[in-house]
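Reading through the structure tokens given below for one structure.
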Amino acid sequence: MRCALGLEDGTVFVGRGFGCEGTATGEVVFNTALSGYQEILTDPSYCGQIVTMTAPLIGNCGVNTADSESTGQHLSGFVVRELARLHSNHRASGTLDDFLQAAGIIGLAEIDTRALTKRLRTCGALRGVISTEIDDPVKLIERARAASEMIGQNLADRVMAKEGSNWPAESGAGQFNVVALDCGIKHNILKRLNAAGCSVRVLRGDSPADTILRSEPDGILVGNGPGDPAAVTQTVSTLRELVGRLPIFGICLGHQLLALSLGAKTYKLKFGHHGANHPVLNLDGRRVEITSQNHGFAVDRESLEQVGARATHVSLYDDSLEGFSCDDKRLFAVQYHPEAAPGPHDSDYLFGQFVAMMRRHSPPT
Amino acid sequence: MPKRSDINTVMVIGSGPIVIGQACEFDYSGTQACKALRDEGCRVVLLNSNPATIMTDPEYSDRTYIEPITPDFIDKILTLEARRETPVDAILPTVGGQTGLNCAMEAVERGILDKHKVRLIGATSSAIAKAENRSLFKEAMQNIGLDVPASGTARSRNEARKVMERIGLPCCIRAAYTLGGEGAGFCTTPEAFESAVELGLRRSRVGEVLIEESLLGWKEFELEVIRDRHDNVIVICSIENVDPMGVHTGDSITVAPAQTLTDREYQQMRDSAKAIMREIGVDCGGSNVQFAVHPTTGRQVVIEMNPRVSRSSALASKATGYPIAKVAAKLAIGFTLDEIPNDITQTTPASFEPVIDYCVVKMPRWTFEKFPEADETLGLQMKSVGEAMAIGRTFKEAFQKVIRSMEIQRAGYGLDKNDRWLESRSQACLAVGVAVATAQVAQPTGADRQDKAPLVLGSRQGEAPPDVDESSARGWPIEDGVLRTKLQHPCQGRPYYIRYAFKQGWSVDRVHELTGIDRWFLDQMAELVEFEDELVSRADGPSAARSHDGTGGDAPPWTRYRRFGYCGQQLRNATPIDGDGPREDEETDDTGCFKLVDTCAAEFEAATPYYYSTHEAPLLRIEDGKVHKIVDDEFRVSSVPHVIVLGGGPNRIGQGIEFDYCCVHAAQEARHLGFRTVMINSNPETVSTDFDTSDVLFFEPLTHEDVMRIIRRIDSEGTIRGVIVQFGGQTPLNLAEGLQADGAPIIGTPPESINLAEDRDAFQMILQDLGLRQPPNGTARDLAEGRRIAANLGYPVLIRPSYVLGGRAMHVCNNEEDLNRYVSDALAATDRVQAPPGGHAILIDKFILDATEIDVDAVADFRQPNDPRGECVICGVMEHIEEAGIHSGDSACALPPHSLSPTILEEIERQTKVLAKRIGVCGLMNVQYAVAGDLVYVLEVNPRASRTVPFVSKATGVQWAKVATSVMLGHSLRDTLWERGVGRSPKPLMTSIKAPVFPFHKFPGVDAVLGPEMRSTGEAMGLDDAFGPAYAKAMIATGLSLPLRGNALVSVNDPDKPRVVPIARELQRLGFKLFSTIGTHRVLKAAGIHTIVVSKRAGAPQGFLLDLINFGVMDLLINTPVHYGAAWEEGQWRAAAVARGIPLITTLAGAEAALEAIRTMHEKGGHEAFGVKALQDYAAGLK
């Protein structure tokens, strides 16, 4: 099955299709993680994006029932250099091809993913169209150019679960009750909170403050999600009400939303940070954390410091802000993914830090 | 945190001679370490006994000691350095392999470091001890909650049974404290267990067996990890072994990055590795951690860790572009990872984890053909001597490329002349009258200095057959039983049998059950097989294949074919050549391109031009409504003239680090002269494949097709000043003619002149012309003719096949009986060759008895034969210790010669110069002579870099490969020498001895005798002011510590008997107690020397010699062979001596030299009395 990817800059890649048939548009980004394609495919933060993996051999481990990061399907397309014909892993329950087909995601294989990555590196993230239907390259490019821009899109709306859910702590009754605001939250965040002794109540990201407070949480976690943070206005205003009232931990989009609620600014990165090898300097201990990252927007450090927050982490790649805290407001956040999945566990300590903060605020009964 | 202020002078320990398991990867790591330390302002004191290393070039350290790597010599050097203004502050033991680490640890244990107030950096002694000691390591792992294989020890069968009940079957049993895995075995049944325990208890010196859970068939992984003193830990690379547990990693095909782990499993492994680094306490350096993963339960266990850089970290460095050794050295002196920049991107720090967007496959290179008695089955002990690595965008591509890199006459995974399936198919097609192409020879490959084969484009006889035992696969289809055996037992040919299994319709599951290789890898191979079937079965040939687009949007088959890593040769073999043959496809194929190795999968721009070739689908650019097809090629054009240096490919016996040394020098000199230097090589262990050795690095197979692609690419944009083929050994030489025919400008001695020296008849004419002498000789095509010639020449004669490498099947025949025996061997060795004009032939030379063999290296600048403006300078004259008849690579040698008269020396120099002029040598040349009495015989001339160039360079203080490069690039020899301040006849700085090391102990039972066939893997150098101490040091450096007294066995063959008397007398005088076999005893008794007679056979009244050796009674064996091979008693003695590490001398000349060394040691008062001196001090003329 022929499949093609057209970019707004006038480039077309033609290869072999897999997964689902059809046509879809989205912002094209690359992810440099060597492992964890299943987690990436199920991460709601990729909503509205066409993701290409720089690792060339994908599908080797098939897919399994345990590693998905959400139940929904969010990507517009998935692009690889070579799709494994046969997978081999003791936990595998199916092939990547079938998985994409069931998820309604269009896959494209056998294109020069490195050339694509270099274009994205040079031009920045581009709008694109992936299609098994459109043959004419000129038409593909027209479609890509007609796709909507990422800036200004509230995609979190699209991916937050319709209803809330409960994630009890691993050992029955948790020490703390946490409300996790879902803007497309990854399951592993919830699992790591559980492992840290928290029972989690997941609420939609657009829930009003009083709904949140009604469940009497010891702390709030603002999770990851897709799109432009500046467009997620509802959550930002909710956070404005909550900040300072109880411990809050923000991750990724949550980091950006908290910054916005404090009055800081966000901006779009050229091609974003998507990978599992990003070095982040923890300014407190001068230690390096190798982190999992997936974000196209970042918080403007200067504007954040002006509103009294303290930068705690910076990227060693481009100096961009990777974490901040407002100790007086019992609030901290990181731009990257301490829950990993996929990626290294170097920053797992942050969940402990969150628990410690809740403990100081409201010792467990 | 900046550099530690308390470390100013660092001693770096190298790894010594190249041995199996420790090859030139430690030259790469040591060189990087020395450079990094000096960059940071440290003074570097280096200890390494291997002269063929770049790291021992005097410019890489402040003080270069080419001395034996032992604690005593460390002590001497520290003492000497302390007397100077800046004593050594610290020793870096982690870049010199196990040798460096063990030696440093011994020095710590003996208090040497404390005495000199020197500390270890890179890894502390407690960390090393914890990592290296099995039980401490196991305990440490359990402390941090990691899983290790279950195990226990037992001193009785009852105890053993109890342990087994806990562990279960299958299990692995090792006898405690035995040599080289002796008494180790796997057992799967209770009966096998009982007998293995019994055997183990008996074998063990302490009556103890270690019973360990069997991990046979588990998946094997390695992580290369780095930690700094801020506890930042990063994983540089993950490596997955294709061959599961049970095969030594060094003998496994390995892949980077790991391919069959989900992120969850990989992160678990990464977490474990970090925890291990912390627990063991490696706080500023690199380590390698190995894991096994159960294929169906996913259980992960820790196997071991090496707290140092290793072969795998060299591979990881080349695979990712991340310079592990360099970074580790900087961490050792106090830097942290975030302070060190990433050399490749130059904008990001070294504190990240490299990601790669290609697949790397490493394949080991064995040389079993050199040890026909050795067990080829791969197991717990490493047997390969080298390796090649290949980079491709997919596993399939890299896998094919790495096979082509092996120098084993394979063009890839099948479809070459060694492909039995293709052969059977061709025959079948011929039988039914269908025209098919017969397979062409894979590619021009190796042959060695001994060869006289004319270089015919693309048809040069190679070296190792692809699978020494592929004879069991005669006929098609291959019997199921044969295939099953081949798949069950890991051996070097197994991948090809896997292919045959797929060809015969076996399923991936069935092959998996037999091999234990993960299904993903097997299916990759199966995919190639299926694709090949599709290609081959297209009866209407490649033109149809070209237009076929049956798979919808799939790439056209030709593109797919290239993207699967096949080379043109394979396609030509697979498909009939009709009017418009596949050649056209090749030329119109527009998918080939070069991509960058950049540590970051293209996320950032890379500053270093480190490339690999691949094939990619073109992308389309739509501009002004027009569609342009573009293949993204990343090669960066430069208008600076290019000099291309072809490297040597994988290490093997006969071609090793010496040639890499020359290639590195060529690149450095060309760069120095203002050229943009391009290195092409496929060996990940080398300095030449470091991205900063040359201006541009191509990590590629050294085949005609692959090299021409690079040359065409460079030529299409820039200019090529020249291609250098004479430094990389036989590999590039074999390509020379073909490259020249395709328009590549070969510089230096032209291929025609190189051939001139290799063409037997032409060479004879030259010698006659010049009035030079050659041993009388003849050419025979069968035994009868051989007998006639030998009788005419008179015995002994030397016979050799005409087209072989490294002295394959060469023999000295003392009589007709020998001749009868070996001629068939020699003729058989040529069996595989396409018959040269006139049929197969063996060469028979009169063997000059008692001749001294001489090696001469020279540089000349003759631009053509007899060029009157040319000159020739002698770099060095080396006298072999062992007599002619022992392969020159296996003979120890002395520079300057220790026994030649000035007249003979002068004559040798004269002959070398006239030969250089007559042949028209431009660059390096090596001539071998035999001197008998006053007569000088020319044995052979090789107008190229020889194995001895680095040794001569160290001994004379002149970097001759650089001189040669300058000459080849058009400078006159006179100017080049003048610029370097070198005279027209440079004198050696000291007495230098080169001594070979052998891998016999890795091949238990193999007869350890020397002969015309080269079998050494490396060499050590001994330096001193006189022959005796220099020779003794060289011996110590090879690990063969000569005894000062004790029991010596003397047993020599008849021709040697007269000469053995003075040797025995001197041994006795020095206090040795002499033993001898009956024949030798009689001769010695007649000369008045008393010896104790030992029996050759068990059961005799006298002591049985084999027992005396095995029980460690003997301290020295002098045994010149009557018979060769482990089938003979004497062969067993020699094998036993090797196994027990007892010094074994198999030539009288060797014995004489050893005696002189022992005498020197006696005079000086033992091993401790040697002095040490750095190369820099010799050069400065210091006493």
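Just so you know, the protein sequences line up as chains A and B, in that order.
This note's numbering puts the first residue of the first sequence at 4, with every later residue one more than the last.
This note's numbering puts the first residue of the second sequence at 68, with every later residue one more than the last.
Each residue gets a CB set at the ideal place from its N, CA and C atoms; glycine is no exception.
Using alpha carbons as the reference points, say which of the options lies closest to residue i.
i, options, result
"R855(B)", "D836(B), I833(B), N887(B), V879(B)", "N887(B)"
"E371(B)", "V309(B), I866(B), A227(B), E206(B)", "E206(B)"
"D298(B)", "M992(B), S418(B), I188(B)", "S418(B)"
"L916(B)", "I909(B), A1115(B), E949(B), A908(B)", "E949(B)"
"L265(A)", "M153(A), V283(A), K271(A), R243(A)", "R243(A)"
"F435(B)", "G453(B), Y425(B), V422(B), I423(B)", "G453(B)"
"E39(B)", "E126(B), S955(B), K1029(B)", "Absent from the structure is residue 39(B), since the part of chain B shown begins at 68 and ends at 1250."
Report the three-state DSSP secondary structure of residue i (helix, strand or coil).
i, result
"H364(A)", "helix"
"I251(A)", "strand"
"H1068(B)", "helix"
"S526(B)", "In this prediction, S526(B) scores a pLDDT of 25, lower than 50, which makes its location untrustworthy; no coordinate-derived value is stated."
"C939(B)", "strand"
"T1043(B)", "helix"
"V923(B)", "strand"
"V312(B)", "Just to set this straight, residue 312(B) is Met in the shown sequence, not Val. In this structure, M312(B) counts as coil in the three-state DSSP scheme."
"I781(B)", "helix"
"M344(B)", "helix"
"L168(B)", "helix"
"N1177(B)", "helix"
"V998(B)", "strand"
"G861(B)", "coil"
Checking 8 Å against the spacing of the C-beta atoms, do residue i and residue j come in under that value?
i, j, result
"A128(A)", "L256(A)", "no"
"S73(A)", "K189(A)", "yes"
"N117(B)", "G83(B)", "yes"
"G274(B)", "L268(B)", "yes"
"V792(B)", "V763(B)", "no"
"I240(B)", "V215(B)", "no"
"H732(B)", "Q978(B)", "no"
"F2(A)", "A314(A)", "Given a span of 4 to 368 for chain A in the structure shown, any question on residue 2(A) remains unanswerable."
"E325(A)", "V310(A)", "no"
"I1185(B)", "A1115(B)", "yes"
"V704(B)", "T658(B)", "no"
Identify, in the order they occur along the chain, each residue of the same chain with its Cβ nearer than 6 Å to the Cβ of residue i, setting aside the five sequence neighbours on each side.
i, result
"Q571(B)", "P544"
"G247(B)", "Reliability of the predicted coordinates at G247(B) is poor, the pLDDT of 47 falling under 50, and no value is obtained from them."
Looking only at its chain, what residues have a beta carbon closer than 8 Å to the beta carbon of residue i, apart from the 5 residues adjacent to it on each side?
i, result
"R577(B)", "A568"
Who are the Cβ neighbours of residue i in its own chain at under 7 Å, not counting the five residues just before and after it?
i, result
"F354(A)", "R195, L196, A199, P341"
"G617(B)", "Low per-residue confidence applies at G617(B): pLDDT is 36, beneath 50, and the placement is therefore not dependable enough to give any value."
"R105(B)", "V111"
"E938(B)", "A927, D928, L1040, R1041"
Between the region 399–428 of chain B and chain A, which residues of the former have a C-beta closer than 7 Å to a C-beta of the latter?
L404, D405, T415, P416, S418, F419, E420, V422, D424, Y425, C426
Along the region 60–75 of chain A, what residues have a CB closer than 8 Å to any CB found in chain B?
L60, N63, C64, N67, A69, D70
Which residues, in chain order, does the region 307–336 of chain A contribute to contact with chain B at a C-beta distance below 8 Å?
L319, Y320
Listed in chain order, which residues of the region 295–329 of chain B have Cβ atoms closer than 9 Å to some Cβ of chain A?
D295, H297, D298, N299, V300, I301, V302, S305, P324, A325, Q326, T327, L328, T329
The region 14–25 of chain A: positions lying closer than 8 Å to chain B by Cβ:
Only T14, V15, F16, V17, G18, R19, G20 from the region 14–25 of chain A bring a Cβ to less than 8 Å from some Cβ of chain B.
Residues of the region 348–366 of chain B with a CB closer than 7 Å to any CB of chain A: list them in chain order, please.
P362, T363, T364, G365
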